[in-house]
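Input: a single structure, listed below in structure tokens.
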Amino acid sequence: MELDARFTLLRRGMTVLDLGAAPGSWLQYTAKTIGPKGVAIGIDLQEIEPIDGVKTHVADILDRESIKKIIQEEGLTTVDLVLSDLAPSTSGIRDVDQWHSVELSQAVTDLATEVLKPGGTCVIKVLRGADFDEFHQQLKKDWKSVKIAIPDATRDRSKEVYVVLKR
9 MELDARFTLL RRGMTVLDLG AAPGSWLQYT AKTIGPKGVA IGIDLQEIEP IDGVKTHVAD
69 ILDRESIKKI IQEEGLTTVD LVLSDLAPST SGIRDVDQWH SVELSQAVTD LATEVLKPGG
129 TCVIKVLRGA DFDEFHQQLK KDWKSVKIAI PDATRDRSKE VYVVLKR
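The numbering of the sequence shown is our numbering, which starts it at 9 and goes up by one.
Following this line, the structure appears as structure tokens:
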């Protein structure tokens with residue numbers, strides 16, 4: 009996909025944790041790219057249709073201990089890449105929705121600092137808005153590398169951006 013082409017996120021044999029994975033398009037691409045020696049784990053509040061080469065779980069990403077337990081149950085202690093395409097339930101109030109997006113993204117980055125291997129990467133989708141600049145500045149303090157990407161597919165019609173973080 010576009011982000012992978014731009015940042016070379018996925019490689020054969022990687023371990024990948026996809027949060028907010030339903031319906032599973034990133035997981036399908038991930039499984040194909042990392043190959044049979046890689047491990048892809050998808051987690052969402054909703055059931056994810058079975059995907060060859062992917063382990064899926066229903067869990068709340070805000071429950072960090074549950075997510076870490078799932079990783080351990082898969083025989084892992086760390087992962088190479090955390091992907092998050094999470095979006096909050098929208099209220100229709102732009103500032104509230106953006107704040108919830110930043111809140112979810114912060115939860116993902118907090119989890120990622122605990123489960124990523126040294127040199128690992130975390131990719132989060134977040135809505136730009138009033139709280140984004142402060143969040144972005146904090147990420148710059150906490151992560152070795154912080155890059156913002158606006159995929160062509162969302163460029164004109166959305167406040168969505170992807171943030172690519174490196175440990």
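Every residue gets a Cβ at the ideal spot worked out from N, C-alpha and C, and that includes glycine.
As assigned by DSSP and simplified to three states, the class of residue i
i    : result
D150 : helix
D60  : coil
E168 : strand
T23  : strand
L94  : coil
A241 : Outside the displayed range of the chain (9 to 175) lies residue 241, so it cannot be described from this structure.
D88  : strand
I42  : helix
Delimiting residues of the alpha helix (DSSP H) encompassing residue i
i   : result
I79 : 72–81
D12 : 10–15
Continuous beta strand (DSSP E) stretch holding residue i: start and end
i   : result
A48 : 47–52
Among the options, the one whose alpha carbon lies nearest that of residue i
i    : options            : result
I156 : D88, V134, V104    : V134
K167 : P159, K174, L173   : P159
A29  : A67, R20, T23, D12 : A67
Q114 : V131, G127, L25    : V131
task: Could you tell me which uninterrupted alpha helix (DSSP H) segments, each at least 4 residues in length, are contained entirely in the stretch 116–151, listed from first to last along the chain?
output: 140–150
query: Would the stretch 107–119 and the stretch 53–66 be scored as touching if the rule is three or more Cβ pairs under 8 Å?
result: no
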